[in-house]
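Undergrad: Counting from 0, one number per residue, gives the positions in the sequence shown under numbering that gives the first Met the number 0.
All residues carry an ideal CB built from backbone N, CA and C; glycine is no exception.
Mind looking over this structure? Questions follow.
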Amino acid sequence: MKSIVPVLWLLLAAPLLAEERPNFVIIMADDLGYSDVSCYRAADAETANNYQTPRIDQLAAEGLRLTDYHSNGPVCSPTRAALVTGRYQQRSGIDGVINADPKVNRDTGLAAEETTFADVLSAAGYRTAIFGKWHLGYEVKFNPVHQGFELFRGYVSGNVDYFSHRDRMGISDWWHNTDLKPEAGYTTHLITRHALEFIRSQRDQPFCLYVAHESVHSPFQGPGDSAIRLGEGEADRTGDKIKRDIPTVYAEMVQAMDTGVGEIVDLLRELQLERKTLVVFISDNGAMNKGNNHPLRGFKGSVWEGGHRVPGIAWQPGKIKPGVSDETVLSMDWFPTMVDLAGAEFHSDKPLDGVSLAGLLYEQRPLAERTLYWRFGQQWAVRRGDWKLISTGPRGKPELYHLGEDISETRDRAADQSALAEELEQQYGAWSAELLLVEPGIEAPIEN
């Protein structure tokens, strides 16, 4: 594992016994919208085939369902950077999607100087692995094994063909650590299989597993379909090679992931690890227009709620009481939560922006009020309590919404709450001035 100075990881003076330190399984869906999961879906939310997600719903019923959970960004790479570093993605320079096109500068990714939750947990005695999507740099120097993960099986681009595992440029992209190593099989099934194998192999020691699913990102391919990207130069950018009805395929893709989530839960029960393992289910951003963000406004790539308010579930039977929470939680909060629960003290010259959720998850304690920020391209938003100020570009004036009364962001309150709007805009300006000292990453098309 890399050595980072002056970062220190110090176990607490009275460390928790190994059996008291939980395992962690972080399951991240890709482009999964707020109502793409049936337990989040309102009665008036129309979804193709009205498909169900029974195993994810089971997690929610037995755990804590977060109704105000948000991805740090409205697209892939920024949220993933925030998740693994516990910091706003702008601090690490991953402010946009890292592009698969070789013509674009590929020397962009998560720098070795950044500290990930895998770094901290490895130093604290955890075994670490990631299976699935990385999307934090294409060059080998950005590979997850250089970021604290001992084992990586998956792909480094924004999406791959679910069967040929070629990226959108038609380039083969399926890795075993730092080696390209093709595997036959449907991406969702492979990710689940490797996750199950890892859990079995690490049953007697603490582990941290990051399950980064491709579902439900394009290309839209169900388990019974076949490859559409057959070689370089034959990449499918538009989906026009997909002959079946996309809503039907979409449902199949979500259900395949749902089944995989259930297999992980079933194995934890079989190994009697369920009380010792915190399982988190989240999405990296909202759905594109093929998915369902109801009742939210906007889609992936937008700082409207539909771009970043997503499903969020925490499950640990016997430890986390079943329930629903409307506390505002972000992707970057899982890093400090895991460090806290693992009994590892984190010291760095790069402080975390996220907060520990331990009190919320295990004691139902509310989080302290904080001001939260989103930025993507020329769009930005700032949130304090139920109030959200949003700007969708430099031409218009920022708009103010009270999400507690207007979750669909339909009634602009900036005129009658002008002082509050001005205050939030000033807060955003101060935050932006601080964080934009870091050169932002590559802005790229959101279809990555």
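Do you know how far the Cα of residue 19 is from the Cα of residue 428?
TA: If I take the Cα positions, the gap works out to 43 Å.
Undergrad: Going by beta-carbon coordinates alone, are residue 58 and residue 278 separated by less than 8 Å?
TA: Yes, the pair counts as a contact, with Cβ atoms nearer than the cut-off.
Undergrad: State the Cα-Cα distance for the pair residue 195 and residue 266, rounded to the nearest angstrom.
TA: Distance between the alpha carbons of residue 195 and residue 266: 7 Å.
Undergrad: Report back the beta-carbon spacing between residue 96 and residue 119 to the nearest angstrom; my notes put them in contact at under 8 Å.
TA: Between residue 119 and residue 96 the Cβ distance is about 26 Å, and since that is not below 8 Å, they are no contact.
Undergrad: Which residue from 395, 384, 417 and 392 puts its Cα closest to that of residue 401?
TA: Cα-wise, what sits closest to residue 401 is 384.
Undergrad: Is the number of C-beta pairs between the stretch 333-346 and the stretch 354-370 that are closer than 8 Å three or more?
TA: Touching, yes.
Undergrad: Taking 8 Å as the threshold, find out whether the stretch 162-180 comes into contact with the stretch 111-130 through three or more Cβ pairs.
TA: These segments do not touch.
Undergrad: Tell me, which residues are paired with residue 207 by DSSP?
TA: Answer by DSSP bridge pairing, in chain order: 23 and 127.
Undergrad: Looking only at DSSP bridge pairs, what is residue 387 linked to?
TA: Residue 387 is bridged to 382 and 400.
Undergrad: Closer than 8 Å is the cut-off here; do at least three beta carbon pairs connect the stretch 167-180 with the stretch 106-124?
TA: At 8 Å Cβ cutoff, the stretches do not touch.
Undergrad: Tell me the DSSP bridge mates of residue 308?
TA: Paired residue(s): 69.
Undergrad: How do the stretch 81-94 and the stretch 301-309 stand: do at least 3 beta-carbon pairs fall below 8 Å, yes or no?
TA: The stretch 81-94, when compared against the stretch 301-309, does not touch it at the 8 Å Cβ threshold.
Undergrad: Identify whether residue 188 lies in helix, strand or coil by the three-state DSSP scheme.
TA: Note: residue 188 maps to helix in three-state DSSP.
Undergrad: Keeping to the same chain, check which residues put their C-beta closer than 7 Å to that of residue 286; ignore five residues upstream and five downstream.
TA: 30, 31, 32, 35, 292, 298 and 299.
Undergrad: Beta-carbon within less than 6 Å of residue 142's beta-carbon, same chain only, minus the 5 sequence neighbours each way: which residues are those?
TA: If we look at residue 142 and ignore the five residues flanking it on each side, its Cβ neighbours are 177.
Undergrad: Over the uninterrupted beta strand (DSSP E) stretch that includes residue 323, give me the two end residues.
TA: Per DSSP, residue 323 belongs to the beta strand (DSSP E) from 322-324.
Undergrad: According to DSSP, is residue 198 helix, strand or coil?
TA: In the structure shown, residue 198 sits in a helix (DSSP, three-state: H, G or I).
Undergrad: So, helix, strand or coil for residue 151, using DSSP?
TA: The answer is strand: DSSP assigns residue 151 an E or B state.
Undergrad: Can you list, in chain order, the residues of its chain with a C-beta nearer than 6 Å to that of residue 416? Leave out the 5 residues immediately preceding and following it.
TA: Correct list, in chain order: 399.
Undergrad: Assuming the contact rule is C-beta atoms closer than 8 Å, residue 82 and residue 313 should be a hit. Round their C-beta distance to whole Å, please.
TA: Wrong, their Cβ atoms sit about 14 Å apart, outside the cutoff.
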